[in-house]
Amino acid sequence: FASELLSSKVTPLNLKNLAQPFKGLTFADENHWHDTLLTLLRTDTLEAEKGNITSPLKGALDVLRNVRDQVRILVDFAGLTPDSHRKFIEEYVPVITILSAGPPLFRLKQLEALISGGIVSIVPPGIQLSAKTNCYELAAASIVSYSRRVTSLIDARIPTACLQLDKNPLISSLFQHGIFTPFLNSDSGEESFETGGVNVTRTPFHPIDRQGEAHIRLFVLGIPTEHTRWFMQSGSSRPSRWIDFMIDADAIAEAALNI
């Protein structure tokens, strides 16, 4: 059996290519782009319809989601060296996020139908945005001739945690007063990595100020602590099981009641 496995031709699973299927590609026109996108959506839909048990690809990618808790144990609170921590955030996190989290199957089918019906148009890869009078102009590096003008833009992306640049008045004020400080991953040598996450204690996650004191009447939960910990978006749970976000919220509620 082992020899059969070794002799069989198994295509290696390249996570970076799966996460960036259009990287480096150019398209003749918008129709070429949409045809390529629809082909990818339909292929992905077929794999999703097989389920995580029957589809080797979906089964493999589901492992990325199932090991999140184990990865957190390794990376939270400077479990990695500063350099490895930086690479984890910049290289690994974008890949695992796009491959292990996303819309359900029926949403993919809806998007495919909307694109096929000409109702939804997806901007090609390499979006370039410029502000014009009363509108925005969209261009794309992957199609030289592509140009669209729109009157409204909505940023639907999950914000990257960056305490130093956060415009929220409350968080900005707490940072300016030194109550919130960025988490610093440093080793015994000269290497260090200042993240954008709020420096907090372990559960129930009190902020640590610039003097190194924990504010026991304050608690920080979720996205502001991203990079101090990992995957602090609320996420989705499974039947009869609490995810870390729920466990953390419960611990904070208990601590608040006991102050």
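So the sequence shown is numbered by our numbering: it starts at 1141 and just counts up by one.
In this text, a Cβ means the ideal position worked out from N, Cα and C, and glycines have one as well.
Quick caveat, the model's predicted, so the values are computed rather than measured.
Please look up how many angstroms separate the CB atoms of residue i and residue j, rounded, as I've assumed it's under 8 Å.
{"i": "Ile1267", "j": "Phe1167", "result": "Not a contact, Cβ separation roughly 13 Å."}
{"i": "Ile1311", "j": "Pro1364", "result": "7 Å"}
Residue i by DSSP, collapsed to three states: which one?
{"i": "Arg1297", "result": "coil"}
{"i": "Lys1163", "result": "coil"}
{"i": "Phe1141", "result": "With a pLDDT of 45 at Phe1141, under the threshold of 50, the modelled position of this residue cannot be trusted; read the value that follows with caution. Residue state, collapsed to three classes: coil."}
{"i": "Glu1187", "result": "helix"}
{"i": "Asn1157", "result": "helix"}
{"i": "Thr1335", "result": "strand"}
{"i": "Phe1323", "result": "strand"}
{"i": "Arg1400", "result": "The question about residue 1400 has no answer here: the residues shown for the chain are numbered 1141 through 1399."}
{"i": "Val1284", "result": "strand"}
{"i": "Lys1198", "result": "helix"}
{"i": "Ile1348", "result": "strand"}
{"i": "Glu1231", "result": "helix"}
{"i": "Ala1354", "result": "strand"}
{"i": "Val1101", "result": "Outside the modelled stretch of the chain, which goes from 1141 to 1399, sits residue 1101, for which no answer is possible."}
{"i": "Ala1391", "result": "helix"}
{"i": "Ser1380", "result": "coil"}
{"i": "Val1203", "result": "helix"}
{"i": "Glu1366", "result": "strand"}
Rounded to whole angstroms, what is the Cα-Cα separation between residue i and residue j?
{"i": "Ala1200", "j": "Glu1189", "result": "15 Å"}
{"i": "Val1385", "j": "Val1235", "result": "Rather than Val, the amino acid found at residue 1385 in this sequence is Phe. Taking the straight line joining both Cα atoms gives about 21 Å."}
{"i": "Cys1302", "j": "Val1207", "result": "26 Å"}
{"i": "Leu1214", "j": "Arg1226", "result": "14 Å"}
{"i": "Thr1183", "j": "Ile1238", "result": "17 Å"}
{"i": "Thr1221", "j": "Leu1186", "result": "40 Å"}
{"i": "Lys1198", "j": "Asn1157", "result": "15 Å"}
{"i": "Ala1280", "j": "Pro1264", "result": "6 Å"}
{"i": "Gln1351", "j": "Gly1318", "result": "8 Å"}
{"i": "Ser1270", "j": "Ala1391", "result": "46 Å"}
{"i": "Leu1314", "j": "Phe1320", "result": "5 Å"}
{"i": "Ser1195", "j": "Ser1240", "result": "15 Å"}
{"i": "Ile1259", "j": "Leu1248", "result": "15 Å"}
{"i": "Glu1330", "j": "Thr1273", "result": "50 Å"}
{"i": "Gln1304", "j": "Arg1205", "result": "30 Å"}
{"i": "Leu1245", "j": "Lys1163", "result": "24 Å"}
Would you kindly check if the distance between the Cβ of residue j and the Cβ of residue i is under 8 Å?
{"i": "Glu1277", "j": "Ser1287", "result": "yes"}
{"i": "Leu1358", "j": "Pro1344", "result": "no"}
{"i": "Asn1325", "j": "Thr1335", "result": "yes"}
{"i": "Asn1339", "j": "Pro1322", "result": "yes"}
{"i": "Trp1370", "j": "Val1203", "result": "no"}
{"i": "Glu1252", "j": "Leu1165", "result": "no"}
{"i": "Ala1174", "j": "Ile1255", "result": "Going by the sequence as given, residue 1174 is His instead of Ala. Their beta carbons are under 8 Å apart, which means His1174 touches Ile1255 by this criterion."}
{"i": "Gln1373", "j": "Ile1294", "result": "no"}
{"i": "Leu1361", "j": "Asp1388", "result": "yes"}
{"i": "Asp1169", "j": "Ser1285", "result": "yes"}
{"i": "Ile1193", "j": "His1367", "result": "no"}
{"i": "Leu1180", "j": "Pro1152", "result": "no"}
In chain order, which continuous runs of the beta strand (DSSP E) of length 3 or greater are located wholly inside the region 1236-1282?
1267-1272, 1275-1280
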